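Below you'll find the structure, written out as structure tokens, and then a few comments.
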Amino acid sequence: MNRRIPILIAVALAGVAAWWFWPQSSDPRQLQGYIEGDLILVGPESAGRVVELAVDSGSAVEAGALLFALDDEVQKAARDEAAAKLEDIKAAGQRPEQIAVLQAAVQRAEASLELSRSELDRQKDLYNRGVAAKATLQQAQSTFDRDQAALQEAQRQIQAAELAGREAAIQAAEAALDGAEKALAKRRVYAPVAASVEDVYFRAGEVVSAGQPVLALLPPGNRKVRFYVPEPLLSGLRLGQNVDVSCDGCNGMPATLTFVSSEAEFTPPVIFSQEERSKLVFRAEARLVGGKPLPLGLPVDVTLGAAE
């Protein structure tokens, strides 16, 4: 279970309780809330043991900075094996079974050519002595030419098979090597965005499962104000309207309303009168303009502006 979930639930319940029990401002449009954040949970794509943790809670990281690394002996071995196989294929580059079949065809073509050559020489001798007819000599020449062409074709087939088999094998080996290198690279995990490290769930030496978060990042723009709006004020809210956020030691921070819940976050056990209905609250959220680095859970006051 995510170790941060109970904390976030406690903060949310505290916010509701704060609205319900704290004394309300004399200004009906001033509401209580707290700072919340949309965390980016970062974990590995495959399981392994954390061997290096390059950051800690509170660290500020730039996009592309190393966050943590997992053990990579298995991935390195797979990479080296794929690289060696590729080199072997480049050195050999033949498919023995298919090449053997084609070589047998070459041998048959050579035998046929040898016979046709002997017959051609014999017919030439007979023709020169006036014993054989010219047509017979021409037939022997034609047979010799045919067998010679067949031998050349068989030899070209061997060359083509060697080349095609080599290229196909090299492509497969290169793909395997590329996959092994990518798997090795993924053992080192980097920050997807510039952010602060909000929490760390695993330390060096611990084993993490695939997809399990090792740490949580909070980009500056992911901070937001969560507050609760009484039912009488709900109809006056519009997404995009401006609100003013203040806290102890910080005043006049502008924010933009980005969310209003369609369901009540808290209701009394029974609602009969208009007075009881006015206690119904709806969760709302606003983004601070400029993503001010306020700590999560910080109580704030939210003053509603006019709807735009």
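Residue 399 in this note's numbering sits at position 75 of the sequence shown, and the numbers go up by one each step. Using N, Cα and C, we set each Cβ at its ideal position, and we do this for glycine too. Model, not experiment: these values are computed from the prediction.
Asked: Nearest-angstrom Cβ-Cβ length linking Ala610 and Val567, presumed shorter than 8 angstroms; Found: 5 angstroms
Asked: Entirely enclosed beta strand (DSSP E) segments - the region 556 to 581, minimum 3 residues; Found: 566 to 571
Asked: Local Cβ density within 10 Å of Pro537, reported as buried at 16 or more and exposed below that; Found: buried
Asked: Nearest residue (CA-CA) to Ala534, options Thr582, Val366, Gly361; Found: Val366
Asked: Simplified DSSP state of Asp412, which is helix, strand or coil; Found: helix
Asked: The region 575 to 583 touching the region 611 to 629, judged by at least three CB pairs closer than 8 angstroms; Found: yes
Asked: Simplified DSSP state of Ser586, which is helix, strand or coil; Found: strand
Asked: Beta-carbon contacts of Leu437 that lie in its chain and below 8 angstroms, excluding the five residues immediately before and after; Found: Phe468, Asp471, Gln472, Ala474, Leu475
Asked: Glu522 classed as buried or exposed, judged by whether at least 16 other C-beta atoms fall within 10 angstroms; Found: buried
Asked: Buried or exposed by the 16-neighbour rule on C-beta atoms within 10 Å, applied to Glu640; Found: This structure cannot speak to residue 640, because the chain is shown only from 325 to 632.
Asked: C-alpha gap between Arg562 and Asp395, whole angstroms; Found: 51 angstroms
Asked: For Glu477 and Ala500, the rounded distance between their alpha carbons; Found: 34 angstroms
Asked: Pro368 versus Leu390: straight-line alpha-carbon distance, rounded; Found: 13 angstroms
Asked: Length of the line joining the Cα atoms of Ser370 and Gln427; Found: 48 angstroms
Asked: Range of the contiguous beta strand (DSSP E) that encloses Gln536; Found: Taken as a continuous stretch (DSSP letters only), Gln536 belongs to no beta strand (DSSP E), as it is neither H nor E.
Asked: Any non-hydrogen atom of the ligand FMN closer than 7 angstroms to Ala424 Cβ; Found: No copy of the ligand FMN appears in this structure; indeed no ligand is present at all.
Asked: Presumed contact (8 angstroms Cβ cut-off) between Arg547 and Leu618, rounded CB distance; Found: 6 angstroms
Asked: Rounded separation between Val553 and Gly357 - CA only; Found: 10 angstroms
Asked: Strand pairing of Gly357, partner residues [DSSP]; Found: Phe551, Val624
Asked: Three-state secondary structure assigned by DSSP to Arg490; Found: helix
Asked: Three-way DSSP call (helix, strand, coil) for Arg282 in this model; Found: Residue 282 is absent from the structure shown; the chain starts at 325 and stops at 632.
Asked: Chain-order list of residues whose beta-carbon lies under 7 angstroms from that of Phe583 (same chain, five-residue window excluded); Found: Ala608, Glu609
Asked: Three-state class that DSSP yields for Pro592 in the structure shown; Found: Residue placement at Pro592 cannot be trusted, given a pLDDT of 48 that sits under 50; the coordinates are not used to answer.
Asked: Assigned secondary structure, Val276 (DSSP; H/G/I helix, E/B strand, else coil); Found: The structure shown does not extend to residue 276, since the chain is modelled only from 325 to 632, so the question has no answer here.
Asked: Contacts around Leu628, its chain only, beta-carbon distance under 6 angstroms, and the 5 residues preceding and following it disregarded; Found: Arg353, Val567
Asked: Cβ shell of Phe526 (< 6 angstroms), same chain only, five flanking positions each side left out; Found: Val374, Val532, Val538
Asked: Beta-carbon spacing of Leu450, Gln465 below 8 angstroms; Found: no
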